[in-house]
Structures are given as structure tokens and as C-alpha cells.
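K.L.:
Could you have a look at this structure, given as C-alpha cells, before my questions?
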Amino acid sequence: MNPQAKLIFALSLTLGTTLTISSNHWIMAWTGLEINTLAILPLISKSHHPRAIEAATKYFLVQAAASALVLFSSMTNAWHTGQWDITQLSHPTSCLILTVALAMKLGLVPFHFWFPEVLQGSSLIVGLLLSTLMKFPPITLLYLTSPSLKPSVLMTMAILSAALGGWMGLNQTQTRKILAFSSISHLGWMAIIVAYSPKLALLNFYLYTLMTAAVFLSLNSIKALKLSTLMTTWTKAPSLNAILLLTLLSLAGLPPLTGFLPKWLIIQELTKQEVALAATIIALLSLLGLFFYLRLAYCATITLPPHTTNHMKQWYNNKPTNTMEAVLTTMSLMILPISPIILAVV
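First residue of the sequence shown: 737, per my numbering; consecutive thereafter.
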């Protein structure tokens, strides 16, 4: 793909995201979502591999269906109340349809089936965009409409997402699929708190984006698409592998790393809202996620393949680490001590 085309798609993604997150009118938000979908499709299918084409087709069909539901929800609300304002969503049927539409856009259970397949068919950089930037507009719509949505529906979806995201990630050998199920699990944490504290859901999303970007960029640097590849990359970039271990543990939510902050605050808020049972269940379900993060970390830093025949050794290279990667990794590990400042700002 030539640089001009890449620039056009990057600008379109920026325009679509900005349009959705800054609009008050449903039609403008829908337009932004459509621009985003059309801009990411060529990036997914640029390798012309059958799996990439399949991923692009699945992504298009799911996102088109979800966008149609967003439009249908907003039109139903406008028909009954005369309001096109995003924050004025009040009709019960519209609220339910919008919940389904946003769950499809985000990949929440039970509308999650497309996400691991699409991520598996994409490159790591496009996978990063799908896991972070493409989730931002739907999360913003969820944030704006959260007072209107039913907490019980969101909580059910959230607990199922945390359960399936952890459970289905256990036996995966492809790093992109593991990160897809990790994303589903993290979205469960955002969905469970958005009805009670929308700002906390956004903070969780920002920190998740930070940590996921660090992991994706690290895996892209060492070109690790499978766990078996990850086992031999210690020869190529030993320091990066060691840092990847810590970043994965941060994504799992272990103290004293950054990933512990959103989990801690969400459990605290849920307890204050007297839904301690849900807090206990989702905290226990995060142990499933911890298992496959530890598995990734173990493969990255501790093990060697049992055989050394017939494969190319990846010898150490002296190429300097990407600055963005270094900054993201540092932030993924060290934000917890400055959490009082973050909470004061939020």
C-alpha cells in the first residue's frame, strides 16, 4: 500500500472518530461510525491473503448491522420523543436496541464471535487499531447514553464477557487471538461500571489502551504471532522480552503495576453501589485472564523450545527500541503511584 493511501485512511479514521465523539446529533455520530468502518477495511484486507479478506468481510457485515441498529434506535427514539440529541435517549425499546448495537460494535458477549477472527486475519498494527482506536467511538456513545441504559443488562453482558474472555483465551496459541479475548474480558470491566460511574469506565478504557498498545508494539517489534515464536525471541531482544513480561502482568491487573488501578477502583465503586456480589464474581473471573497472561509471560521470558533443529535462529539485533514503545511501556508499569493525581483530575 502506498503512503498516500495510508495517509488518506489515517485521516479518515481520525475524522470518523472525532466526528462521533464530538457530535450531539445521532446522524452525525452514525456518519462518523460509517467513515471509521470504511477507512479500516482496506487496512485489514491489504495483504490480499484469504484470511485477511475473510476478516474484512466479517468486520464489514457486523459493523454495518450494528450501524443500522444505531440508526434504527435513534429513529425510534425520535419518532416517540421528537429528540435527536444523543443524551436524550429515553424510549425503552430504543435503549435496548442501542445496547445491542454498541455491544456488537465493541465485541461484548454474546456479540463477540467476530472479534477474535477479525483480529487473527489482521496484522498486529491493524489489530492494535481494532482493539483501541475503533473501540473509542462506541465507548463514547456508551458513556453519553449510560444514564438511559439498563444496569442489569449491562451487568449481565459484563460478567459473561469477563467469563468468556478469560475462558476462551486459555487454550489459544496465537498471540492475536489471546489479545482479542483479553480485550473482550477488559470490555466486561468497562461495561459493568459504566452505568454507575461513566468517568471510571473511560479511565479504564484509557489505561487499557495504553497497556494494549505497549503489548502490541512489543510483539510487532519481535514479530511474534504464535507462542512458539515467542519462545525463541529472547535471543533477538532480551531487554524487550523482560519488559514484555511486566507489561503483560500489568494488563492482568497485578499490583503494583498500572493495570491494578482500574480494577481496584471499579471493585471499590461496585461495593459502594451495593452490588458486591457482581464485584466478587468479576474479580474471581479475572483470575482466568491472569492465567493466560502468565502463560504468555512464561513463554516470552522463561522457556526455550525443547528441540533446536531445523529452525532459523533469531540473533540479537542492536536496533534501538521505538520511543513510543518505551514511553507506553513505562506508563504501563508506573502509573499506579501517581493515581491520586489522576483521580483528582478525573
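In this text, a Cβ means the ideal position worked out from N, Cα and C, and glycines have one as well.
Would you report the Cα separation of residue 1032 and residue 947, rounded to the nearest angstrom?
P.N.:
Start at 1 with the first residue of the sequence shown, and residue 1032 comes out as number 296. Start at 1 with the first residue of the sequence shown, and residue 947 comes out as number 211. C-alpha separation (whole angstroms): 15 Å.
K.L.:
What number of angstroms, rounded off, separates the C-alpha of residue 959 from the C-alpha of residue 797?
P.N.:
The residue labelled residue 959 in the question sits at position 223 within the sequence shown. The residue labelled residue 797 in the question sits at position 61 within the sequence shown. Those two C-alpha atoms are separated by around 29 Å.
K.L.:
Can you tell me which of the three DSSP states residue 782 falls into?
P.N.:
Indexing the sequence shown from 1 puts residue 782 at position 46. Coil.
K.L.:
Buried or exposed for residue 1059, going by 16 or more other Cβ atoms inside 10 Å?
P.N.:
For this step, residue 1059 is matched to residue 323 along the sequence shown. Counting Cβ neighbours within 10 Å, residue 1059 comes out exposed, since fewer than 16 surround it.
K.L.:
Got a sec? Which residues, its chain only, sit under 6 Å from residue 900 by beta carbon, not counting five neighbours each side?
P.N.:
Indexing the sequence shown from 1 puts residue 900 at position 164. Excluding residues within five positions, the ones whose Cβ falls inside 6 Å are 845.
K.L.:
Considering residue 990, what are the terminal residues of the alpha helix (DSSP H) in which it resides?
P.N.:
Here residue 990 is taken as the residue at index 254 of the sequence shown, counted from 1. Segment: none, residue 990 is in no alpha helix (DSSP H) and carries neither H nor E.
K.L.:
Rounded to whole angstroms, what's the CA-CA distance from residue 1010 to residue 841? Just pull it up for me.
P.N.:
For the purposes of this step, residue 1010 is taken as the residue at position 274 of the sequence shown. For the purposes of this step, residue 841 is taken as the residue at position 105 of the sequence shown. Across the structure, residue 1010 and residue 841 are spaced so that their CA atoms are roughly 29 Å apart.
K.L.:
Over the uninterrupted alpha helix (DSSP H) stretch that includes residue 922, give me the two end residues.
P.N.:
As a first step, residue 922 is located in the sequence shown; it is residue number 186 there, counting from the start. 911 to 930 is the extent of the alpha helix (DSSP H) around residue 922.
K.L.:
List the residues that DSSP assigns as beta-bridge partners of residue 959.
P.N.:
Here residue 959 refers to the residue found at position 223 when the sequence shown is read from its first residue. Bridge partners of residue 959: none, in fact.
K.L.:
Considering only the alpha carbon of each residue, which of 976, 1017, 902, 839 lies closest to residue 1027?
P.N.:
On the sequence shown, position 291 is the one that residue 1027 refers to. It is 902 whose Cα lies nearest to the Cα of residue 1027.
K.L.:
Spell out a yes or no on whether the stretch 970 to 988 and the stretch 878 to 895 are touching, meaning 3 or more CB-CB pairs, one atom from each, closer than 8 Å.
P.N.:
Flag = no, the stretch 970 to 988 and the stretch 878 to 895 do not touch.
K.L.:
Per DSSP, residue 761 forms a beta bridge with which residues?
P.N.:
As a position in the sequence shown, residue 761 is number 25, starting the count at 1. 821, per the DSSP bridge assignment.
K.L.:
Assuming residue 833 and residue 808 are in contact, meaning their beta carbons sit under 8 Å apart, how far apart are those beta carbons, in whole angstroms?
P.N.:
As a position in the sequence shown, residue 833 is number 97, starting the count at 1. As a position in the sequence shown, residue 808 is number 72, starting the count at 1. Indeed, because the Cβ distance is near 6 Å, the residues count as touching under 8 Å.
K.L.:
For residue 877 and residue 1038, I'd like the C-alpha separation in whole angstroms.
P.N.:
Taking the sequence shown and counting its residues from 1, the one referred to as residue 877 is at position 141. Taking the sequence shown and counting its residues from 1, the one referred to as residue 1038 is at position 302. Rounded to the nearest angstrom, the two C-alpha atoms are 42 Å apart.
K.L.:
How would you call residue 1070, buried or exposed, if buried means at least 16 neighbouring beta carbons within 10 angstroms?
P.N.:
Position 334 of the sequence shown, counted from the first residue, corresponds to residue 1070. The residue is exposed, with fewer than 16 neighbouring Cβ atoms inside 10 Å.
K.L.:
How is the alpha helix (DSSP H) around residue 884 delimited, first residue to last?
P.N.:
Translated into positions along the sequence shown, residue 884 becomes position 148. From DSSP, residue 884 is part of no alpha helix (DSSP H); its letter is neither H nor E.
K.L.:
Leaving aside the five residues before and after residue 966 along the sequence, list all residues of the same chain whose C-beta is less than 6 Å from its C-beta, in chain order.
P.N.:
For the purposes of this step, residue 966 is taken as the residue at position 230 of the sequence shown. These residues qualify, in order along the chain: 960, 1035, 1036.
K.L.:
Give the C-beta separation of residue 869 and residue 858 to the nearest angstrom, bearing in mind that I take them to be a contact with Cβ-Cβ under 8 Å.
P.N.:
On the sequence shown, residue 869 is found 133 positions in, with the first residue counted as 1. On the sequence shown, residue 858 is found 122 positions in, with the first residue counted as 1. The pair is not a contact, with the Cβ atoms about 13 Å apart (cut-off 8 Å).
K.L.:
Look up residue 754 in the DSSP assignment and say whether it is helix, strand or coil.
P.N.:
By 1-based counting over the sequence shown, the position of residue 754 is 18. Reduced to three states, the DSSP call for residue 754 is helix.
K.L.:
Comparing C-alpha positions only, which one of 753, 739, 998, 780 sits nearest to residue 860?
P.N.:
Counting from one through the sequence shown, the residue named residue 860 turns up at place 124. Among 753, 739, 998, 780, the Cα nearest to that of residue 860 is on 780.
K.L.:
Hey, residue 969 and residue 977: beta-carbon distance below 8 Å or not?
P.N.:
Along the sequence shown, one-based indexing puts residue 969 at 233. Along the sequence shown, one-based indexing puts residue 977 at 241. A contact, by the Cβ cut-off of 8 Å.
K.L.:
Take the Cβ of residue 1120 as the centre, count every other Cβ of all protein chains shown within 10 Å, and call the residue buried at 16 or more, exposed below.
P.N.:
Any answer about residue 1120 is impossible in this case: the structure gives the chain only from 737 up to 1082.
K.L.:
Look up residue 994 in the DSSP assignment and say whether it is helix, strand or coil.
P.N.:
Here residue 994 corresponds to residue number 258 of the sequence shown, with the count starting at 1. DSSP places residue 994 in coil when its eight states are reduced to three.
K.L.:
Going straight from the alpha carbon of residue 941 to that of residue 922, what length do you get?
P.N.:
The residue labelled residue 941 in the question sits at position 205 within the sequence shown. The residue labelled residue 922 in the question sits at position 186 within the sequence shown. Between residue 941 and residue 922, the C-alpha separation is close to 8 Å.
K.L.:
Do residue 762 and residue 810 have their C-beta atoms closer together than 8 Å?
P.N.:
Residue numbering aside, residue 762 sits at position 26 when the sequence shown is read from its first letter. Residue numbering aside, residue 810 sits at position 74 when the sequence shown is read from its first letter. Yes. Within cutoff.
K.L.:
Please report the distance separating the alpha-carbon of residue 954 from that of residue 818.
P.N.:
Looking up residue 954 in the sequence shown gives position 218. Looking up residue 818 in the sequence shown gives position 82. Computed Cα separation, rounded: 49 Å.
K.L.:
What runs of the alpha helix (DSSP H), each 4 residues or longer, lie entirely inside the stretch 805 to 867?
P.N.:
828 to 842, 850 to 856, 860 to 867
K.L.:
What are the boundary residues of the alpha helix (DSSP H) that residue 1081 is part of?
P.N.:
Against the sequence shown, residue 1081 aligns to sequence position 345. Here the alpha helix (DSSP H) through residue 1081 covers 1075 to 1081.
K.L.:
Here's the rule I'm using: 16 or more other beta-carbon atoms within 10 Å means buried, otherwise exposed. How should residue 938 be labelled?
P.N.:
Taking the sequence shown and counting its residues from 1, the one referred to as residue 938 is at position 202. That one is buried.
K.L.:
Any Cβ of chain B within less than 8 Å of the Cβ of residue 1069?
P.N.:
You won't find chain B in this structure, because it holds only one protein chain.
K.L.:
When DSSP labels each residue in this structure, what does residue 889 get in the three-state scheme?
P.N.:
Sequence index remark: in the sequence shown, residue 889 carries index 153 (1-based). Three-state DSSP puts residue 889 in a helix.
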